[in-house]
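Numbering (UniProt numbering), first residue to last: 1 to 248.
This is the structure in structure tokens:
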């Protein structure tokens, strides 16, 4: 197993303060329940566009805002540092290139879909040419190029969905690192609080004034089909609005 050396302090030029909204909207009303109480975090600016980034990896870094790790890249030509998503087996000293004319596609290199071979594992795919990478950015994520036409490329996403993309859109080679993130056990409630997860109270444990399931003598199971705090049916009712997408 490869030992990864993590850098301790983030780049000052690539961080900014990101205020936690604790699940509230612009009116201050809670719209996402059970959020808040985060540990303090600094947001790292990451190059998702991957159009001009190139240089040498000088180390890996933990990012509290995502499941993937970051790689710090130094460009000797411009004398600048920036962050990219770290792939598996990416090490200190590796060379990173974007839009290179070199035919070989190495780990964490970025190119348009037109210049990526079919069957290649890719991540950080942009939805439109010139845009930031939006898909396949979590730890262990990757898609595969299945087939290409003159204008489109079909990619199988991590969810199993087959989707068509413009062949000029940018993608990055490799699988996102930190693949063991989904096996992490929090082991105590305090770690959940550090991540911003607040306690969830069951409706049957409340009073009748607080929830339709509340009240009753002793332990009751609600006495009615499962509903939300506002009396609308839940647990099984479809709430998603399906949108037609020609490219799916």
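All residues carry an ideal CB built from backbone N, CA and C; glycine is no exception.
Keep in mind that this is a model prediction, so the values were computed, not measured.
Check, Outcome
"Is the number of C-beta pairs between the stretch 136 to 155 and the stretch 165 to 180 that are closer than 8 angstroms three or more?", "yes"
"Tell me which residues share the same chain as residue 45 and place their Cβ nearer than 6 angstroms to its Cβ, disregarding the 5 neighbours each side in the sequence.", "14"
"So which of 120, 39, 173, 183 has the shortest CA-CA distance to residue 87?", "173"
"Comparing C-alpha positions only, which one of 136, 233, 198 sits nearest to residue 66?", "136"
"Tell me, which residues are paired with residue 64 by DSSP?", "Residue 64 pairs with nothing; no bridge assigned."
"How far does the beta strand (DSSP E) with residue 72 in it extend, from its first residue to its last?", "70 to 75"
"Near residue 151, what residues of its chain come up, given a Cβ to Cβ distance below 8 angstroms and the 5 sequence neighbours on each side ignored?", "166, 167"
"Taking the C-alpha atoms as reference points, what is the distance between residue 1 and residue 231?", "Low per-residue confidence applies at residue 1: pLDDT is 41, beneath 50, and the placement is therefore not dependable enough to give any value."
"Near residue 35, which residues of its chain fall below 7 angstroms by C-beta distance, leaving aside the five closest residues on each side in sequence?", "22, 23, 196, 198"
"Count the other CB atoms within 10 Å of the CB of residue 253; is the residue buried (16 or more) or exposed (fewer)?", "No answer is possible for residue 253: the residues shown for the chain start at 1 and end at 248."
"Excluding the 5 residues flanking residue 227 on each side, which residues of the same chain have their C-beta closer than 7 angstroms to its C-beta?", "212, 233, 234"
"Compute the beta-carbon to beta-carbon distance between residue 107 and residue 50, rounded to the nearest angstrom, for a pair I have assumed lies under 8 angstroms.", "Incorrect: roughly 13 angstroms between the Cβ atoms, too far for contact."
"Is DSSP giving residue 48 helix, strand or coil here?", "coil"
"What residues are listed by DSSP as bridge partners for residue 59?", "72"
"Excluding the 5 residues preceding and the 5 following residue 60 in the sequence, name in chain order all residues of the same chain whose CB lies nearer than 6 angstroms to its CB.", "4, 6, 69, 71, 86"
"So, is residue 30 buried or exposed, given that buried needs 16 or more other C-beta atoms within 10 angstroms?", "exposed"
"Check for me: the beta strand (DSSP E) holding residue 224 runs from which residue to which?", "Neither: residue 224 is in no beta strand (DSSP E) and is coded neither H nor E."
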